[in-house]
Each structure stands twice: as C-alpha cells, then as structure tokens.
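Below: the structure, in structure tokens.
Numbering (the UniProt record's numbering), first residue to last: 1 to 373.
Here's what the structure looks like:
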C-alpha cells in the first residue's frame, strides 16, 4: 500500500476508534444524542485528508534525516508515529468543525454531495414534529455540533502531544496549533466582512483584501500550518520551519485560488455542491476582485446586483460565469495559481529536508492544485 494511503487509513482508524469511545458517553447522557454521533461520524468519514498528509510529510521531512533505529524502516515504525497520526486526526476533526460552521455562515445546503449538518438537523426537527422553527433548530444544533467537534479536536491533539517524549517539540507544536486556530477564525471573519463591507471599500484595495482572506482563511491553515505542525513534532530547526513555510504558504494560496475557481465553475456532480455556489453566497474572491477591475461600469453594476443573491437561477449563474471569464480574470487567476506553484516548488527544491519527503510533497503540490473537487 502506498505510504500516504496507509497514513490515511491509520488516521481513519484513529477517528473511528475515538468516535466509538465517545459514543458510549453520549448514550450515557441521553439517547437523544444518537444523531450527534451519527452526523459526526459522517463528517469524519472520507475526504481528501490533505491536512493529515501535509502533517505526516512535514514530520517525515525532518525525522528521516535522523538515523533510523537498527532494523526499523522510516515511517510507521518510527517512535512518534502514533503521535503524528493522532495529531493528523485532530487536524481533520478541527477541519470538520470549521466546515460545519462555514456551511452555516454561507447558508450552504450541501457538503460533499449530501445535506450540510444544519440542513440535516433541520430535517430531523421537521421529521419528529417538534415545536418551533426547524431552520432555527438546525442552525443552533449545528453551531453546537461544530463546537463539540472543536473540543474533540483539542482532546485528540492534547492526548497526542502528551505522548511525545520531546517536551520542546510538544511546546513548539502546541504554539503552531494555537496560531493556526487564531488565524483561520480571524480569516473567516474577514471573509464574512468582505461580503458586506465591499461597497465602502476603495476599489484599489479590494484585491489586496481578497488576497488577505485567502492567506488567513485557508492558505496557512490548509497547508502551511499542517506542514509546520508535523515538522515541529519531529523537533524541526528554525531553518527547517522557515523552509517549510516558504513551501506551504504559496502552495496554500494556489490551493485556495483553485477552490475559488471551483466555487464558480466546478461541476456539481464532482464537487458535491451546486455550481456557482460562491456567486449565490456573494464571495468577494480574488477572481471577483480582478474581474471588477476590468469591467465597464455598467457590467460591474450588473455583477454587483447579482452577486450574493441566494435565489440566482441557472441562467443568471451562467451570465456571471461568462462575465468573469470574458473579463480575463479567470485566466489571470490561473496564472496566479501557476506562479504560486512554481514558487512553492522552488522553495521545496532548496529546503533542508529528506529526499523522500521532498518527492512526496512534490506529488501533493500537483494533487492540491489540479484537483476538481
């Protein structure tokens, strides 16, 4: 089995075991919590596991430079591997929590081809004939579900760090995780802010503001932080951490720019979300900022009038897609993705890390930027 696939399997096993242990506690509190366990398990099943993979190969990039214990190959047999799997699992639970909250904020109906958590809880309310508003219950329940997942993420992370023999590595990892949590939360706030503040923002500032959202909502949290977390688990030097940040940040930017393109042009049968969902949600992305700079006043007013309308029909989505493409903004974003990929690969070639990790990270660079979901 390829090493990354084995890691993903081990992370899933760790998540399944953790959820099985939590199930008993939930049953003890109340049988009414069965849906909470079911929905959590569904959220934590499958997915691309990019954060787990970057965490693992960040660890391998450093640990492989140390002498391997006699008779033991690098990787799963290394001391510390169980801690890495636990931290990777904790990152995936944190990501699931972020998705639950993100879907509430964006009023998204679906996630990975099935109803979003708040919609599932809304449907549960309606099916049971409970009093009050199904929508209000779904939203409140999903906020609490996301909070629960955040707590479970911390539990996995703390337990894994306690198992580390190297106290300084545990402290460095904990500091990076704390920074990651702060940055992604503030990045999410900035994303929400841009959806409402744009009429009052100077046109010359919109692109820089959209790029800032890319960096703090996604790029650091999705790739840079997992890489550095993994490397920190192995006791990375300041030079190695700096090198991995130089790899991770431009790659994370390219990753999010690809996500922004998919949010407008992605195939719903593949992405699991309706095509053009970012347009209905009014996302003020780099793609939109670039297009608005290029458009005549009349067309720009049309874009502004349509963007953010949750009732946009398929024809209106096609109109917006066409305007963005014909403005040249789509080609420019693709160029930005390519430049960031080149920057990441150049940093990777110069990084003081293990050759095996370098090769695997090169494969991941391609996976996260050429994806269709």
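We put the beta carbon where it would ideally sit given N, CA and C, even for glycine. Being a predicted model, the structure only gives us computed values, none of them experimental.
Start-to-end residues for the alpha helix (DSSP H) that takes in residue i
i	result
residue 158	134 to 162
residue 176	167 to 197
residue 34	34 to 43
residue 88	81 to 106
residue 200	Element bounds for residue 200: n/a, residue is neither H nor E.
residue 341	329 to 350
residue 317	314 to 326
residue 226	225 to 233
residue 62	50 to 63
residue 239	238 to 265
residue 285	Residue 285 -> no alpha helix (DSSP H), and no H or E assigned at all.
residue 306	297 to 306
residue 219	It is not in any alpha helix (DSSP H) - residue 219 carries neither H nor E in the DSSP assignment.
residue 8	3 to 29
residue 362	355 to 369
residue 278	277 to 281
residue 209	206 to 213
residue 270	268 to 271
Cβ distance (whole Å) where residue i is taken to contact residue j below 8 Å
i	j	result
residue 26	residue 36	6 Å
residue 84	residue 55	7 Å
residue 306	residue 316	6 Å
residue 97	residue 149	4 Å
residue 344	residue 251	4 Å
Assigned exposure category for residue i - 16 Cβ within 10 Å defines buried
i	result
residue 71	Its pLDDT being 49, under 50, residue 71 is placed unreliably in this model, and the coordinates cannot settle the point.
residue 91	buried
residue 130	exposed
residue 375	Examination of residue 375 is not possible in this model, given that the chain is present from 1 through 373 alone.
residue 145	buried
residue 340	buried
residue 105	exposed
residue 295	buried
Paired residues, beta bridge with residue i - DSSP
i	result
residue 111	114
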